[in-house]
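Before any comments, here is the structure.
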Amino acid sequence: MTYLVIAWRRIRMRSPDLAVYGLRNMQPFCGWPMLTRISNNGSVPSISFTSSSIPKSSFRGTDLHSLNKKISHLIRTGRLCEAKTVFDNAEHRNTVTWNSMISGYVQRRELAKARKLFDELCERDIVSWNLMISGYISCRGSRYIEEGRNLFDNMPERDCVSWNTMISGYARIGRMDEALVLFNSMPERSVVSWNAMITGFLHNGIVEHAIEFFERMPERDAASLSALLSGLIQNGELDKASKVLTEHGNKDEAREDLVHAYNTLIAGYGQRGRVEEARHLFDQIPFCPDGGKEGNGRFERNVVSWNSMITCYVKARDIASARELFDLMTERDTFSWNIMISGYVHCSNVEEASKLFSKMPNPDTLSWNTMISGSMEIGSLKLANDFFERMPQKNLVSWNSMIAGYEKNEDYKGAVKFFTQMLLEGEKPDRHTLSSVLSVCTGLVDLHLGMQIHQLVSKTVLPDVPINNSLITMYSRCGEINQARTIFDEMKLKNDVISWNAMIGGYASHGFSEQALELFKLMKRLKVRPTYITFISVLNVCAHAGLVEEGRKQFKSMCSEYGIEPQVEHFAALVDVVCRHGQLEEAMDLINRMPCEPDTAVWGALLGACRVHHNVELAQVAAEALMRLEPESSAPYVLLYNLYVDMGQWDSATKLRTMMEKNKIIKQPGYSWVDSSCF
DNA sequence: GTAGGGTTAG
């Protein structure tokens, strides 16, 4: 696997930018074709270089308007490198040409490149300055905002956009005091300044100020009401949002945007599962089958209204109602199709999803990705592969879905294959990729690969809770329990039960009973609520450590204190606990009273204990049950035979051996609860 | 043809 990481490093060294954007944009780059050839197994789209097809002299003299139009079109369609080539080859440029290029880099967050152009540009206008400031603002760090502020303070003249950009910059990183100072000192405010303050307050949870500003603002535009409503909803103030809509929704000034506001609220109700109220709002919007085109200024349902309502039904798992609306729509967009397809993929009706997908006019990458994850959910790797191969444009989510799908379906080698291919094709893994690959390492019990991925994690992403959980699980499964504990101890946020389950489970499987129980106590003290998984580990620890009373106590506490319904795994552990204390009758009684069907672990625990405590009668019951559950397994025969031998019951032993031969049972080593040494 | 604030999905 070392070559995998080396490949990744090489890609990053050759072109850190292209490693991010990959083949999607097919930019010309000298190092790229070689890498593509390495990985070209037929699934990689062919590369077409457009740089050579652009005549160098195509933009001369007064044709600046066409040049600028061309560049902005290339940037809008994601072809930044092509735009740069056109820019470099142009004989004449004006400030708009430069600004467009700066804008392209700002949109991609490639600040160093944007700044280089900005510094090279002699005839800067106010837009150049505003663009560069917005570049720093969009990076949301305090270091960047200071640089943005520096430009703002030093620019020769400012317009309203400059002020608004700075205000929203402060608002986004929670520095509302500074936003307010700017707002109060700006010479002239626009409706955007007010809207920026309102969203700023709402992003920072200051609901009352947002409402106050909304009511105080001298004029409102299309965005004002929607900004307030969506912000209120994000703050969990759904009823307040509803009240605002009732109060302001009928005012003429907001009328043109009323659909927008209604749509926001419909989505808000949907998020909270309040489908009926959402439908009530939806029904209040006039429906004109011939109209509904956005921008006609009338208050009537548009495609987003339909999509939002369908989304509510999909979230509430009411696919029939969702489909009913979908079929009624006169004009659908990609979103409508995708949400309906994902609705079917989720109830797990991939067949119906496929039917819709095949009827869809222009499936986009998200549609293909939905079909991939749907196929994975029903365990069909072949179908997922088929979609993956056929899709015209793959993105990071496509790769992640394949890797996660292979991992979930326990085809770990397949997952590694896709991960390797992904790196070779220049797609940069994100935290989702790395988390899946760590689970792959756990599945393969491959510490070496796991450590390499850990290194990749350290270099590429800030480890979040799920990544740390995956690391803990990986290290503990690979036997490095101390390394797992180090990661656990270094986690600042310890409120996720999965982290605790991973660590306690790790201790449990390594037989560190004391540490497991200590951590379990600490977890409860920190008010992290244990789950049924926690109790499986805890009960197993009690069984292995022979802590009979503790085991009984924990089982009881799980049911009464935490209201967790015991599963067969808990009963298996409890039976084991009781058996280790030699109370076989009690164990048998427990098995008879179990609400679920006892499995091999339950009977295995009993049978193992029967041999230790020489209870032939119960051993026969347990062995028979095991033979029924797993007719091919030699384990119950072996154990029962050994017990007969221990007890000197030679006749029974011989009979059993004959039966075993008759049933063509072949002894297989490797059952942890079987001691076949004297067989 | 370039800059600032607002709805729906994984």
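Everything in the first sequence is counted per the UniProt record's numbering, starting at 1 for the first residue and increasing by one.
C-beta atoms are modelled at their ideal positions from N, C-alpha and C, and glycine is treated no differently.
- Could you check which residue in Asp-464, Asn-99, Ser-348 and Ser-373 has the C-alpha nearest to that of residue 755? As displayed, the chain neither begins before 1 nor continues past 679, which places residue 755 out of reach and without an answer.
- Query: What's the C-alpha gap between Ser-537 and Lys-556?
  - Reply: 15 Å
- Message: Quick check: is any heavy atom of the ligand SAM less than 6 Å from the C-beta of Ile-233?
- Response: Only the bare structure without any ligand can be found here, which leaves the ligand SAM out of the picture.
- Query: Thinking just about the alpha-carbon of each residue, which of Ile-310, Ala-508, Asn-338 and Arg-274 is nearest to the one in Met-360?
  - Reply: Asn-338
- Whether Asp-177 touches Ala-222 by CB criterion (7 Å): no
- Looking at the structure shown, is Glu-177 part of a helix, part of a strand, or coil, going by DSSP? Reading the sequence as shown, one finds Asp at residue 177 and not Glu. Three-state result, Asp-177: helix.
- Local Cβ density within 10 Å of Leu-522, reported as buried at 16 or more and exposed below that: exposed
- Task: Determine the burial state of Ala-320: buried for a count of at least 16 other Cβ atoms within 10 Å of its Cβ, exposed for fewer.
- Result: exposed
- Message: I believe Val-181 touches Asn-130 by the beta-carbon criterion, under 8 Å. Please report the beta-carbon distance rounded to the nearest angstrom.
- Response: Contact doesn't hold; Cβ gap of about 19 Å is too wide.
- Local Cβ density within 10 Å of Pro-187, reported as buried at 16 or more and exposed below that: exposed
- Task: Hey, could you find the ends of the alpha helix (DSSP H) Ala-622 is sitting in?
- Result: 616-629
- Do you know how far the Cα of Asp-125 is from the Cα of Trp-194? 25 Å
- Task: Have a look at Ile-666 and Val-638 and give me their C-alpha separation to the nearest angstrom.
- Result: 10 Å
- Message: Using a Cβ-Cβ cutoff of less than 6 Å, which residues in the same chain neighbour Thr-311 once the five nearest sequence positions on both sides are dropped?
- Response: Gly-270 and Ile-339
- Item | Backbone CA spacing between Lys-664 and Tyr-507 [nearest angstrom] | 40 Å
- Delimiting residues of the alpha helix (DSSP H) encompassing Ala-635: 635-646
- Query: Which one of Thr-97, Ala-623 and Gly-450 has the shortest CA to CA distance from Gly-608?
  - Reply: Ala-623
- Message: Taking a contact to mean a Cβ-Cβ separation below 7 Å, would you say Met-101 touches Leu-117 in this structure?
- Response: yes
- Item | Secondary structure of residue 685, DSSP reduced to three states | Nothing in the structure corresponds to residue 685, since the chain is present only between 1 and 679.
- Query: What are the uninterrupted segments assigned as alpha helix (DSSP H) that are 4 or more residues long and contained completely in the region 451-535, given in chain order?
  - Reply: 465-477, 481-490, 497-509 and 513-525
- Task: Find the nearest neighbour of Val-528 within the set Trp-603, Asn-495, Asn-501 and Glu-550, judged by alpha-carbon distance.
- Result: Asn-495
- Query: Roughly how many angstroms separate the alpha carbons of Asn-41 and Leu-438, rounded to a whole number?
  - Reply: Legend: pLDDT at Asn-41 = 29, less than 50; position of this residue unreliable, no value from coordinates given.
- Work out the CA separation of Ser-373 and Ser-354 for me, nearest whole Å. 12 Å
- Are the CB atoms of Ile-285 and Arg-301 nearer to each other than 7 Å? yes
- Message: Among Leu-590, Met-659, Leu-356 and Gly-546, whose alpha-carbon lies nearest the alpha-carbon of Pro-566?
- Response: Leu-590
- Give a yes or no on whether the C-beta atoms belonging to Ser-436 and Ile-467 are separated by under 7 Å. no
- Item | Alpha-carbon spacing of Ile-133 relative to Trp-163, whole angstroms | 10 Å
- Tell whether a beta-carbon distance below 7 Å holds between residue 684 and Leu-447. Look at the range of the chain in this structure, 1 to 679, and you will see that residue 684 is not part of it.
- Message: Quick check: Leu-225 and Ala-241, are their CB atoms within less than 7 Å of each other?
- Response: no
- Task: Quick one: residues in its chain with C-beta nearer than 8 Å to the C-beta of Phe-387, no 5 flanking neighbours on either side, listed in chain order?
- Result: Trp-368, Met-371, Ile-372 and Ser-375
- Item | 8 Å Cβ shell around Asn-68 - same chain, five flanking residues per side excluded | Asn-94, Val-96, Thr-97 and Ser-100
- Work out the CA separation of Ile-564 and Ile-167 for me, nearest whole Å. 50 Å
- Task: Evaluate Ala-112 with the Cβ neighbour count: other Cβ atoms within 10 Å of its Cβ, from every protein chain shown; 16 or more gives buried, anything less gives exposed.
- Result: exposed
- Message: So the candidates are Glu-490, Leu-526, Arg-525 and Met-474; which of them puts its Cα closest to the Cα of Gly-505?
- Response: Met-474
- Message: Beta-carbon within less than 7 Å of Cys-441's beta-carbon, same chain only, minus the 5 sequence neighbours each way: which residues are those?
- Response: Leu-449, Gly-450, Ile-453 and Met-474
- Task: Measure from the alpha carbon of Ile-378 to the alpha carbon of each residue in Glu-324, Glu-351, Ile-481 and Asp-63, then state which is nearest.
- Result: Glu-351
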